[in-house]
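The structure appears below as structure tokens.
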Amino acid sequence: MTDVSHTPNDLAAYWMPFTANRQFKDAPRMLVGAKDMHYTSADGRQILDGTAGLWCCNAGHGRREIVEAIQKQAQQMDYAPPFQVGHPAAFELASRLAEIMPGDLNHVFFTNSGSEAVDTALKMALAYHLARGDAGRVKFIGREKGYHGVGFGGISVGGLGNNRKQFGNQLPGVDHMPFFYDQETMAFSPGQPETGAEVADKLENLIALHDASTIAAVIVEPVVGSAGVYVSPKGYLDRLRKICDAHGILLIFDEVITGFGRLGRAFAGNKFNVIADLVTTAKGLNSGTVPMGAVFARDGVHDTIVNGAPDGAIELFHGYTYSAHPLACAAALAAQKVYRDEKLFERAGELESYWQHAALSLKGVAHVVDVRSIGLVAGIELAPRPGKPGQRAFDVFIEAFEKGLLIRTTGDIIALSPPLIISKAEIDQIFAMLEGILKATA
Ligand code: PLP
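Counting from 27, one number per residue, gives the positions in the sequence shown under our numbering.
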């Protein structure tokens, strides 16, 4: 029986984000509960979570340790201002996180979302060059198809037309590298494509165009997430790193999706052995339980900004009312402990080949034109219906939801990124259900 207390009787007031509001409100899909690998829908069905919520609930849902930590913190101290005052959990969390970051990414600035983390990192890059006396470095280079959240900084360096076209001018002084993906040569590559690293060299063209002395930073997702799961070709990120180094340009990895075990290592930086100067994170930081993001800065970036300021001065005029919110910190400390105790990052790494094999089993199934995967992420690209881009994948999404599986679609690409606690049986279930739905889809 439906619990009517969970069924709002008027859907008009809530303006939903990134949602076809009118379509949704005609046929709502309501979630009312979540435990481990499953959501519960308002009509009482169990829905297997193939997306860790929105790439974030890496420890699975309703984890007792995290819930209790949030409850305890709410009781002990609900809120503490983060400017000129601190609280122990923020410092403890930053220390624990610095321990798992690759290289000397030892300094953590807390935000409330990935979008804020991106804007924070862009500001840090500008402040870094200014502190070095290189005030002319004010431009940013992003990449086509990049998704870096929805702040004005993020949509400017981002490369998704739909996210920009309603919003007039963006940041000036931004250019974009071409995308590396080529379906003809890369389709159905397991893991990192063997070809395509040379596309990184196109960065040199933009440097020649703008002059290195004007460029503050390059920002990329090490694995493209929101635009449809595209894995960087072998050697591509190394090349970007080398080019940035050669020209004194900072490299920012946006690890909002790839961070915290998604690729089978703590971070993409570990997985690909490339250390960025700034790393943006959010989502898995506290397993999606309380809004939180974080930017990690290397010693050199942090020290240049902080030690470059006069004694007693605020070194970075930036921060949020809810930076290092006590509930978010408590949740993150607990989530990180779950990750550690249950070795969830390693677990994702161990499952990677099983997952990849299962995903690639969709090769040859109706409409499937590419399968991309790495760690516990997969993108399944479908051929669009003539004249109706995105419709086929959206129909699969609706059908999957009805049948008890949560997937995500972007255009005609299905994106999967389950909690890292997923079992092999549940992996089989996801791909068997998808296969069945695809075969039955026009
Ligand atoms: N950067 C990347 C790579 C993302 O995938 C996302 C969200 O999906 C963001 C930034 C924005 O994060 P948020 O939605 O928390 O602002």
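Just so it is clear, CB atoms sit at the ideal spot from N, CA and C, and this is done for glycine as well.
- In the three-state scheme derived from DSSP, where H, G and I count as helix and E and B as strand, P412 is classed as coil.
- Distance from the Cα of F166 is smallest, within the candidate group I275, P216, M318 and G251, for I275.
- Of the heavy atoms belonging to ligand 1, none sits nearer than 8 Å to the Cβ of G159.
- In terms of Cβ geometry, R163 and H155 form a close pair [threshold 9 Å].
- In the DSSP annotation of this structure, I439 is not part of any alpha helix (DSSP H); the continuous beta strand (DSSP E) holding it starts and ends at I439 to L442.
- In its chain, beyond the 5 residues on either side, L446 have a beta carbon closer than 7 Å to the beta carbon of R373.
- At a cut-off of 8 Å, the beta-carbon of K260 does not count as near ligand 1: no heavy atom of the ligand is closer than that.
- Annotation for G59: no alpha helix (DSSP H) segment contains it, though the beta strand (DSSP E) segment containing it runs L57 to K61.
- DSSP places A120 in the helix class (H, G or I) of the three-state scheme.
- Sixteen is the threshold: when 16 or more other Cβ atoms of the shown chains lie within 10 Å of the Cβ of V249, as they do, the residue is buried.
- Ranked by Cα distance from L402, the options M459, E368 and F286 are led by F286.
- In the DSSP assignment, L74 is bridged to H64 and L431.
- In this structure, the C-beta of V327 stays at least 8 Å away from each heavy atom of ligand 1.
- No heavy atom of ligand 1 is found nearer than 8 Å to the CB of E91.
- For L370, the enclosing alpha helix (DSSP H) starts and ends at L370 to L386.
- Between T306 and D271, the gap from beta carbon to beta carbon reaches 9 Å or more.
- Taking the C-beta atoms as reference points, G290 is found no nearer than 9 Å to A361.
- The Cβ neighbour count for Y348, taken over all protein chains shown within 10 Å, is at least 16; the residue is labelled buried.
- In the displayed model, P216 falls within a strand according to three-state DSSP.
- Counting only runs that start and end inside the segment 293-331, the alpha helix (DSSP H) elements of at least 4 residues fall at 294-298.
- Secondary-structure assignment with DSSP links H344 through no beta bridge to anything.
- Positions of the alpha helix (DSSP H) runs, each at least 4 residues long and wholly inside the segment 121-203, are given as 140-157 and 178-183 in order along the chain.
- Between ligand 1 and A308, a heavy atom-to-CB distance of less than 8 Å is present.
- In the three-state DSSP reduction, D367 falls in the helix class (H, G or I).
- Remark: the C-beta of D280 is in contact range of ligand 1, defined as less than 8 Å to any heavy atom.
- The shortest C-alpha to C-alpha distance from K228 to any of G345, V244 and E220 is the one to V244.
- A contact between stretches requires three or more CB pairs, one per stretch, nearer than 8 Å, and the segment 314-323 meets this requirement with the segment 121-136.
- In the DSSP assignment, R89 falls outside any alpha helix (DSSP H), carrying neither H nor E.
- At least one heavy atom of ligand 1 lies closer than 8 Å to the C-beta of A143.
- Remark: the C-beta of S443 is outside contact range of ligand 1, defined as less than 8 Å to any heavy atom.
- Under the three-state reduction of DSSP output, Y262 falls in the helix class.
- The alpha-carbon separation between M459 and P317 amounts to approximately 31 Å.
- Spanning the alpha carbons of A426 and R158 requires a straight line of approximately 53 Å.
- Classified as buried, P259 has 16 or more neighbouring CB atoms from the shown chains inside 10 Å of its CB.
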